[in-house]
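Chemist: Submitted below is the structure of interest, expressed as structure tokens.
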DNA sequence: CATACCGGGATCTGCCATCGCT
DNA sequence: AGCGATGGCAGATCCCGGTATG
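Numbering (the numbering used here), first residue to last: 1 to 386.
Right, here's the structure in full:
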């Protein structure tokens, strides 16, 4: 163990020096694999290491602890990393530090995705360069990394990443959407190219199946309206589409325009959730006296309502109805349900103070930004009942 | 000028199961 | 057997303001 500890320090040093002297590193070929192979061999020869169930590498634990890594968490997450003889935590730290990451960020990244320390500098550099093709600043990449280290590090296949980027661009998504996609759903880019292709073909198939004329455009619409779609299984999306069709009795063109329009973003809900949500909504509204046709109209107009949890929905409806607002009004202006119960309640209270009558003046006022609402209240106070 | 319509911005990871490779 | 890579899952809104319209 002592020998390997010495070697580790040596290697880390060597790595750091190489790293610094040759930055920006176009041709450094310190591949983790070849190094670890070499090391495994020499370690096996000294007859001490590589016992089955060899204890975790103490020097690695020490070195990570010094960096502020939560080693317990890390070991629990990816124990295999701690049995490796060669790791590149110093290289990773130097690399991220150079990009502007704080020590805290680096420690937290390693704690949450320990395998990150197995990536070589040249690999990291290559991957970063690819990301920079889409994300304009290092700081932005860092914030994504900090949020989701796994998205950046889970795949070690840079070639696949590049192919994915080219594929997604080839779909005709505009730069803004590609940027949003990598920012918001970075996992899309660590999917295998095959998987992304399958999912895109699946969406095109849906379009054709529903009699759509332009599958490419359909796919673009769906993705840009629901950036999570490519990290959902096709099984899930398929079942949700089938369920929507059946429970709302939608025809092809209604379904098609729902999917590529405002409805896109409910496709990724879990099957159970969507199912429960649909039936709960239909039940609740029916109990409150709404006709099926109205409920369908409501969902087509404001499908996001299916994302609202049962409890939240009933508490929102509750406070609207208590204020004397009718179901008919809610169905006409469902956007009101966008706002939190708290927000709605506060507005209603304000409006009661100035004697606002929802029956004659409508409920549109509840769907107003805070700024506009306050201005409106002020005017109402100045000239009550004109 | 006021309201109505509409789209967009923030955000969505962290864990487990499985598979193929060595 | 154990690893790394990858697929898939659960979780469950709220708010703002540009611009057309009147």
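No residue lacks a Cβ here, since even glycine has one placed at the ideal position from N, Cα and C.
Just so it is clear, the structure is predicted and the values come from calculations on it, not from any experiment.
Do you know how far the Cα of residue 169 is from the Cα of residue 285?
Modeler: Along the first chain, one-based indexing puts residue 285 at 285. Along the first chain, one-based indexing puts residue 169 at 169. Distance between the alpha carbons of residue 285 and residue 169 is about 43 Å.
Chemist: Compare the C-alpha of residue 203 against each of 220, 192 and 187 and name the closest.
Modeler: Translated into positions along the first chain, residue 203 becomes position 203. Nearest C-alpha to residue 203: 220.
Chemist: Express the C-alpha separation of residue 269 and residue 263 in angstroms, rounding to a whole number.
Modeler: Taking the first residue of the first chain as 1, we reach residue 263 at position 263. Taking the first residue of the first chain as 1, we reach residue 269 at position 269. Near 11 Å, if we compare the C-alpha coordinates of residue 269 and residue 263.
Chemist: Taking just the CA atoms, how far does residue 197 sit from residue 138?
Modeler: If you number the first chain from 1, residue 138 lands on position 138. If you number the first chain from 1, residue 197 lands on position 197. Answer to the nearest angstrom: the Cα atoms are 29 Å apart.
Chemist: Here's the rule I'm using: 16 or more other beta-carbon atoms within 10 Å means buried, otherwise exposed. How should residue 69 be labelled?
Modeler: For the purposes of this step, residue 69 is identified with residue 69 of the first chain, where counting begins at 1. With 16 or more other Cβ atoms within 10 Å, it is buried.
Chemist: Within 10 angstroms of its Cβ, does residue 258 collect 16 or more other Cβ (buried), or is it exposed?
Modeler: Counted from its first residue, the first chain places residue 258 at position 258. With 16 or more Cβ atoms within 10 Å of its Cβ, residue 258 is classed as buried.
Chemist: Rounding to the nearest angstrom, what Cα-Cα distance links residue 164 and residue 250 in this structure?
Modeler: As a working mapping, residue 164 is identified with position 164 in the first chain. As a working mapping, residue 250 is identified with position 250 in the first chain. For residue 164 and residue 250, the distance between alpha carbons rounds to 34 Å.
Chemist: What are the boundary residues of the alpha helix (DSSP H) that residue 200 is part of?
Modeler: The residue labelled residue 200 in the question sits at position 200 within the first chain. Where residue 200 is concerned, the enclosing alpha helix (DSSP H) stretches over 193-209.
Chemist: Just the Cα atoms here: how many angstroms apart are residue 291 and residue 228?
Modeler: Within the first chain, the letter at position 291 stands for residue 291. Within the first chain, the letter at position 228 stands for residue 228. Cα-Cα distance, rounded: 33 Å.
Chemist: On the three-state DSSP scale, how would you describe residue 117?
Modeler: Locating residue 117 in the first chain gives position 117, where the first residue counts as 1. Note: residue 117 maps to helix in three-state DSSP.
Chemist: Determine the extent of the alpha helix (DSSP H) in which residue 287 is found, giving its start and end residues.
Modeler: For the purposes of this step, residue 287 is taken as the residue at position 287 of the first chain. Residues 271-287.
Chemist: Could you tell me the alpha carbon to alpha carbon distance between residue 151 and residue 145, rounded to whole angstroms?
Modeler: As a first step, residue 151 must be located in the first chain, where it is residue number 151. As a first step, residue 145 must be located in the first chain, where it is residue number 145. Going from the Cα of residue 151 to the Cα of residue 145 covers about 7 Å.
Chemist: Contact between the stretch 362-377 and the stretch 343-352 is defined here as three or more beta-carbon pairs at a separation below 8 Å; is this criterion met?
Modeler: Touching, per the Cβ criterion.
Chemist: To the nearest angstrom, how far is the alpha carbon of residue 226 from that of residue 160?
Modeler: Counting from 1 along the first chain, the entry for residue 226 is found at position 226. Counting from 1 along the first chain, the entry for residue 160 is found at position 160. Cα to Cα, the separation comes out at about 23 Å.
Chemist: Leaving out the 5 sequence neighbours to the left and right, which residues in its chain are closer than 7 Å to residue 335 when beta-carbon positions are compared?
Modeler: As a working note, residue 335 is residue 335 in the first chain. So the qualifying residues of the chain are 302 and 367.
Chemist: Evaluate residue 255 with the Cβ neighbour count: other Cβ atoms within 10 Å of its Cβ, from every protein chain shown; 16 or more gives buried, anything less gives exposed.
Modeler: Against the first chain, residue 255 aligns to sequence position 255. Under this definition residue 255 is a buried residue.
Chemist: Do you know how far the Cα of residue 79 is from the Cα of residue 216?
Modeler: The residue labelled residue 216 in the question sits at position 216 within the first chain. The residue labelled residue 79 in the question sits at position 79 within the first chain. Rounded to whole angstroms, residue 216 to residue 79 spans 44 Å at the Cα level.
Chemist: Just to confirm my understanding: we take residue 200, look at its own chain, exclude 5 residues before and 5 after, and list those with CB closer than 7 Å. What are they?
Modeler: Counting from one through the first chain, the residue named residue 200 turns up at place 200. So the qualifying residues of the chain are 171 and 219.
Chemist: If we call anything under 8 Å between Cβ atoms a contact, is residue 57 one with residue 83?
Modeler: Here residue 57 corresponds to residue number 57 of the first chain, with the count starting at 1. Here residue 83 corresponds to residue number 83 of the first chain, with the count starting at 1. Result yes, Cβ atoms of residue 57 and residue 83 sit closer than 8 Å.
Chemist: Alpha carbon to alpha carbon, how far is residue 34 from residue 175?
Modeler: Here residue 34 refers to the residue found at position 34 of the first chain. Here residue 175 refers to the residue found at position 175 of the first chain. Confidence at residue 34 is low in this model, with a pLDDT of 32, below 50, so the placement of that residue should be treated as unreliable; the coordinate-derived value is given next. Spanning the two alpha carbons is a distance of roughly 38 Å.
Chemist: Sorted by chain position, which residues of the same chain lie with C-beta nearer than 7 Å to residue 222's C-beta, five sequence neighbours on each side aside?
Modeler: Here residue 222 refers to the residue found at position 222 of the first chain. Around residue 222: 203, 229, 259, 260 and 264.
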